[in-house]
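Remarks on the structure that follows.
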Amino acid sequence: QMADALLSTQALEAYYGDFQALFGISIDVFPGEVIAIIGANGAGKTTLMRSITGLIRNQPDMVLWNGEAIGSRRADQVAAAGIAMVPEGRQLFQSLSVEENLIIGGQMGRKGPWSLEKVFELFPILKERRNVPSTALSGGQQQMVAIGRALMSNPQILLFDEISLGLAPIIIKSIYEALPNIIGEGMSAIIVEQDIAKALSVSSRVYCLQEGRISLEGRPETLNRDDISAAYFGV
Ligand code: ATP
2 QMADALLSTQ
12 ALEAYYGDFQ
22 ALFGISIDVF
32 PGEVIAIIGA
42 NGAGKTTLMR
52 SITGLIRNQP
62 DMVLWNGEAI
72 GSRRADQVAA
82 AGIAMVPEGR
92 QLFQSLSVEE
102 NLIIGGQMGR
112 KGPWSLEKVF
122 ELFPILKERR
132 NVPSTALSGG
142 QQQMVAIGRA
152 LMSNPQILLF
162 DEISLGLAPI
172 IIKSIYEALP
182 NIIGEGMSAI
192 IVEQDIAKAL
202 SVSSRVYCLQ
212 EGRISLEGRP
222 ETLNRDDISA
232 AYFGV
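Each residue of the sequence shown is one higher than the last, beginning at 2 in UniProt numbering.
Next comes the structure, spelled out in structure tokens:
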């Protein structure tokens, strides 16, 4: 890659008390690039996302955004910088409606093309259900709100944590089909996935984590199945 990385981590470590969850994780995301982070349960994928968004601050100087350390910024500063996360388990504001959840996303972050109307165009069902409390939505609809809320902050990079978790296959399919429209116009993304095939289908590079270490990285077309299985399952 010729361009400078938009986001990178440099030999990043992370800890929960005495337990070390990440060991020397170095990743790069270049402008406009979609990368995938794959790995089994407990491999450290969520910990890596939390380190990037400043929720875990063991080594804040090892997370670089346009070459500057960002790992110790507050959530609103991270959003203002142009980083948005679609968290595992959605984490919507339960007492608020669909529309209110989306509006809160728009109050963080930056100016840009995304608006309520544009999110409703992407996910028409959310327009129909705009006044419904988020707790009354199906899992797939909640995931749509979480994605819409992140987009409303007009991010430069979108972090999807376990995008498919707990969703029906048909919903997962429709969310993946919407991805090109979600990520368009030069936006970068990190897709965290346990579903290897899905991850490979949308990313230009993939990193596999195993027990807190990068066990494999490369372009999907250069990786073979056996190497991926070994890196993923450790067999
Ligand atoms: P999952 O698919 O289950 O979310 P993951 O790849 O995202 O897995 P992490 O959630 O990052 O993995 O967990 C990495 C390691 O850190 C695991 O061994 C996990 O048990 C441990 N861990 C995660 N959160 C905590 C916590 N709050 N306290 C202690 N250990 C934790």
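Just so it is clear, CB atoms sit at the ideal spot from N, CA and C, and this is done for glycine as well.
| Item | Value |
| --- | --- |
| Can you determine whether any heavy atom of the ligand ATP sits closer than 7 Å to the C-beta of Lys-46, and answer yes or no? | yes |
| How do the segment 141-153 and the segment 89-96 stand: do at least 3 beta-carbon pairs fall below 8 Å, yes or no? | yes |
| Can you tell me where the beta strand (DSSP E) with Gln-211 in it begins and where it stops? | 206-211 |
| Would you mind reading off the limits of the beta strand (DSSP E) that contains Gly-219? | 214-219 |
| Across which residues does DSSP place Phe-234 in a beta bridge pair? | Phe-234 pairs with nothing; no bridge assigned. |
| Can you tell me where the alpha helix (DSSP H) with Leu-152 in it begins and where it stops? | 140-152 |
| So the candidates are Leu-138, Ser-139 and Ile-183; which of them puts its Cα closest to the Cα of Asn-155? | Ile-183 |
| Are at least three pairs of beta-carbons, each pair with one atom in the segment 52-59 and one in the segment 8-15, less than 8 Å apart? | yes |
| Should the segment 211-223 be regarded as contacting the segment 175-182, the criterion being three or more beta carbon pairs within less than 8 Å? | no |
| If you measure from the CB of Gln-144, is any heavy atom of the ligand ATP nearer than 7 Å? | no |
| Under 6 Å Cβ to Cβ from Ile-105, same chain only, skipping five residues before and after it: list those, please. | none |
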